[in-house]
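Protein chains in written order, with our numbering: chain A, 34 to 384; chain B, 34 to 384; chain C, 34 to 384; chain D, 34 to 384.
Note that the Cβ used here is the ideal one computed from N, Cα and C, for glycine as well.
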């Protein structure tokens, strides 16, 4: 994992001269970002864009007059001019599109969350393995400077033994039509946790509520890890203010990651607590340590561009991405478990 | 409840000339605040202070050289010169001290949380009723300008139908020796919820973890109310930063209460979401409304002083406090249920 | 002025069918924004872009492959296919380019500050008047929702009699090569003041210092208006943090405009001070009033797009823009006076 | 200077057994803080408090029932039981009270600003020198952890060559009756600058305005130092929000001191700008450096307590305080110059 993780900022090694020909399916909310970030990347060529909505296609035409456009995705899926498909469509369509792409010998880049069910994810992974194709799930946050830096601070022992990961990711809207707030917003934190916490989750508990006759729009998820590590995610489509803040507590240091800050996204606090029993059994001696705060410079790379470059590289050089199918599956497993727990108003689901 | 709630800011009606003679047991962390706020209150006289720790007593001597001091609480509990006892000691001592006070015909003001168990709370309530004495539980937040204003905004329909109450109350320390972080910090929000949400809680789910060989120091509590109202409390003794922020979402408006802000503690957002089904079954039409924000002036009263004045008034004029024994009991019930859920890593406990 | 001010948000009246053909000179820092915002505007056609730098032209080609490109500005200035020229080049080139455009019968849109000297501005205004052409100076901030709202709050008496305008506009860089920090950053506030303060400035005092062997990089400007209104502008290219905050004090209310806030740019405080002399001569009675704070919703229009639409409309419908040549001249006059004062380390310059 | 500066946090050296007997004149706004902070200090005894206002004396009685109280300050000034007088009264009374104290052989601690005129300050200094008595001016900020740390960062070269000091110190009220906003708020920054900038100011320019028929309530002061160092102070009694923020720019690093922050008062930015001329004369090459931010822990000492302990020590051990009479005089000189400049709407006053 470490070598893959480091890849992004490594100096580029001389790769093969090959070029990856890419087709993008879906030009709604996120698709335009994928298309824009593909522009200027080395060793790749955007060949075609597909969207069933004519208005979206019209937008694609303005942005990329040089690229083939179609409303029929089978054209892309079966094209012999395309090596890889980016699936940037609603979740419930991921499985069919990715499956078809893989069956037609194409690598796939799939929007998060990977699939609607664990079973679908497993089937796609199996298919890709069999056909020697790559799957990459769009866990964009793994490619931000902030998450890269947090991973570094965990790996090099700056934080010490991990205590907790506590994330709040709330705003007003955008309500999704086909998934609840957990499937919409929690994949960000679940994939980040998967990347920075070097342990496998043990159990999950989710609570939440729906208020607008649709999907659950407010939810709270706890994930138990071995060794008393605990994670918590607060997601909400009905918040009057936007908040994207994560607290990470460690034995030696603690950090606050405020993703909405322009300049000081990460703050590392030299704070800690130590506890020991005193002379008398009942006596508990607590000592607090409070030192400097430090905001390491976070690289302002555009994460999606870095991720797409990594996707191309993984395929051309046959590397396994950190955000491969199994990584996507691990997130879907937790989402499924969260849904199960939600339905029972918070029962513990073992993973 | 409403009349009691309004009491604090009502014009004072002419009351009896009587004076309440008060004894304070406990002069550690919170006791000095009680003593300081009793000073200058009408119709009351601080008669004696008790603390078993000589260093604390020394502090009391400096603050109130005119008041009797003792290390033996039975002196206060049995004194004929004392009408009411303020119990400002660790939770595990509340029951015995309050019981003895009530048995000796004294009204009691008890630090939060009221007692260690539901059963203790019920016994004290029964004893007080039998002896026609008052119990007031120190739910100080109910007497802040912010909570008063929130209650008003709920009562007068400004927020509309309630959706959720989501509170984060974290800081570094102070670790308590006899209780976990839930019993230490959650009573604040549980008593506020009890005051502003006009519904009885149905179920509770709590998750959390301990990291320092002591009590649970990080915890997350969900409370389900009828009508899709949900509450969530995030408490943490291991946070590098202090946060005391509550989001309250309603159908018509939403608010953010940041208790650490000096001047604009409450912000009311004229924001909302409406949803209806479109022509086709699958189509979901969401419309967002986003208007002005408004920070109503919050009275900067010292809450504890207002609460103590109210305590004196309730006794002298035989009124039932909003934060009476049953209110304290309701909070202890939720704490007990949270502990039960915590032990099972998050199972649902019906209330 | 009021009718022009209101124009932008008024419903569009049916205008003439004519179309304005525009050429843009300068595709460096700000030019691409002008070009991007022209896209999609009604009644206009971008005909050509000129930049002497081939790299910039290359960028223009990618953005607008359909538009004619050239390194020779005389092609645009003399073209019969162009009705209006946008001059988006360094300040020292404004005069020659605008003059040539006007002489060739073209309307001009000139980047701020209008010209390098008062004399140049006067000459251009005179030329435009003689040739019945329009000049618009790019005082973009006048077209933001925030400044529009402030003007409204002043006009409708919400703030009451104005006391002061105090702006801080600092960041790290971007150092300009041909002008100092006053000419770079102060035009924003000078044009805003010109728009919202209904009085003519009387005198100006400027202090400042240079630190990098170049131009003054830190400066402080005071402008005196009649009736005890005072304005102050703090501009700095050497600040470690970016700040764009303006305080405006009035007799009845005061406001803070933080342009870096995403959502609550304007906060209006219902605060005030009243003073009267008491019974004894020496006695001064001050009373403070402190009420609610209110953050009016500010329209998130893209200011430059609104301004360019207004430019086109003013030409096609022969209206006088609020940011016409004389408005540009008033700002240049203050900049010249500030430079004079700066050179003498802060002497008062009457206007 | 350095040794005195370090004194406060040094380990205490064994001093003489003597005790300083102190009388406090003035128990209005600041006097109670002086009295409270004298409590618990070693080697001193508070003997008497004087205030001409009976209500203030009543407050003093409650706070210190053990101390002699009087309305007649001559009792303190001539008492043989008093070694030092703290003058905590309005500015216009400082000279007479301090003079009388010095004439009666008493050391003086004088509230800031030292005196109403330069001449008064000089007379008091001369008198103290002649009588071998100490004067200390209450420049409290010099004893805060933040200012101590800033001085350290300047002294040890962390910031590099100083560029500017830019302070904003605004709030609503408290209007002073006998002085304008410059004399009220600017002494803080003038004394801090005097302490941290190792150069003598050359010239001062002040602008401002009055709005309530009283004193100037909004003012802007620029101070020129040798070597292109410039300082600026923005003071305002009519601001809707409280701001106490200082930016200090240096060649190597820059800092922001926000005194209203509870925990991270100081932020040091590893940012800078370098400039050199390119190949062609006109070409200016600017390079920006932007690294980590760092918030050094600032000691949360109560500044006034540290200052009073230092006052006692300076007298008992015959040390010259950093905030001695000449330091007070330097501040008064700048205030006088600022007033002169203000009257002429901003002319330069050489110092």
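Is residue i helix, strand or coil by DSSP?
i, result
"residue 302 of chain B", "strand"
"residue 343 of chain C", "helix"
"residue 285 of chain C", "coil"
"residue 45 of chain D", "Confidence at residue 45 of chain D is low in this model, with a pLDDT of 40, below 50, so its placement is unreliable and the value that follows should be read with caution. Coil."
"residue 254 of chain B", "strand"
"residue 363 of chain D", "helix"
"residue 120 of chain C", "strand"
"residue 376 of chain B", "helix"
"residue 25 of chain A", "Absent from the structure is residue 25 of chain A, since the part of chain A shown begins at 34 and ends at 384."
"residue 275 of chain D", "strand"
"residue 81 of chain A", "strand"
"residue 76 of chain C", "coil"
"residue 348 of chain C", "helix"
"residue 280 of chain A", "strand"
"residue 36 of chain B", "With a pLDDT of 39 at residue 36 of chain B, under the threshold of 50, the modelled position of this residue cannot be trusted; read the value that follows with caution. Here residue 36 of chain B sits in helix by DSSP."
In terms of residue numbering, what span does the alpha helix (DSSP H) encompassing residue i cover?
i, result
"residue 89 of chain C", "87 to 96"
"residue 154 of chain D", "151 to 163"
"residue 124 of chain A", "124 to 136"
"residue 111 of chain C", "106 to 111"
"residue 71 of chain C", "64 to 71"
Between which two residues does the beta strand (DSSP E) holding residue i run?
i, result
"residue 228 of chain D", "Run containing residue 228 of chain D: none in the beta strand (DSSP E); it sits in the alpha helix (DSSP H), 214 to 229."
"residue 202 of chain D", "195 to 205"
"residue 238 of chain B", "236 to 242"
"residue 58 of chain B", "53 to 58"
"residue 183 of chain D", "Premise fails: residue 183 of chain D lies in the alpha helix (DSSP H), 178 to 188, not in any beta strand (DSSP E)."
"residue 208 of chain A", "Run containing residue 208 of chain A: none; DSSP gives neither H nor E here."
"residue 265 of chain B", "263 to 269"
"residue 174 of chain A", "Looking at the DSSP string, residue 174 of chain A is not in any beta strand (DSSP E), and its letter there is neither H nor E."
When burial is assigned at 16 or more other CB atoms within 10 Å of the CB, is residue i buried or exposed?
i, result
"residue 409 of chain B", "Chain B is shown only over 34 to 384; residue 409 of chain B falls outside these bounds and no answer can be derived."
"residue 148 of chain C", "buried"
"residue 351 of chain A", "exposed"
"residue 173 of chain C", "buried"
"residue 295 of chain D", "exposed"
"residue 216 of chain A", "buried"
"residue 290 of chain C", "buried"
"residue 198 of chain D", "buried"
"residue 380 of chain A", "buried"
"residue 231 of chain D", "exposed"
"residue 62 of chain D", "exposed"
Note down, in chain order, all residues in the segment 264 to 278 of chain B with a beta-carbon under 8 Å from any beta-carbon belonging to chain A.
Those would be 265, 267, 269, 270, 271, 272, 273 and 274, in chain order.
Taking a cut of 9 Å between CB atoms, which residues from the segment 323 to 346 of chain C lie near chain B?
From the segment 323 to 346 of chain C, only 323, 324, 325, 326, 327, 328, 329 and 330 have a Cβ closer than 9 Å to chain B.
Does the structure place the segment 222 to 233 of chain D close enough to the segment 257 to 270 of chain D that three or more beta carbon pairs sit under 8 Å?
Counting C-beta pairs with one atom in each stretch, the segment 257 to 270 of chain D and the segment 222 to 233 of chain D have three or more that are closer than 8 Å, which means they touch.
Any residues in the segment 231 to 253 of chain A with a beta carbon nearer than 8 Å to a beta carbon of chain B? Which ones, in chain order?
For the segment 231 to 253 of chain A, the set of positions with a beta-carbon nearer than 8 Å to some beta-carbon of chain B reads 236, 238, 240, 241, 242, 243, 244, 245, 246, 247, 251 and 253 in chain order.
In chain order, what residues of the segment 281 to 312 of chain D put their CB closer than 7 Å to some CB of chain A?
Listed by position, the residues of the segment 281 to 312 of chain D near chain A (Cβ gap below 7 Å) are 297.
Would you call the segment 163 to 182 of chain C and the segment 327 to 339 of chain C in contact, with 3 or more CB pairs under 8 Å?
Contact holds: three or more Cβ-Cβ distances are below 8 Å.
Count the CB pairs spanning the segment 248 to 260 of chain A and the segment 239 to 258 of chain B that are closer than 8 Å, and state whether there are at least three.
These segments touch.
Contact between the segment 71 to 83 of chain D and the segment 361 to 373 of chain C (3+ Cβ pairs under 8 Å):
Counting Cβ pairs under 8 Å, fewer than three are found: no touch.
Taking 8 Å as the threshold, find out whether the segment 328 to 335 of chain A comes into contact with the segment 104 to 112 of chain A through three or more Cβ pairs.
Contact fails: fewer than three Cβ-Cβ distances are below 8 Å.
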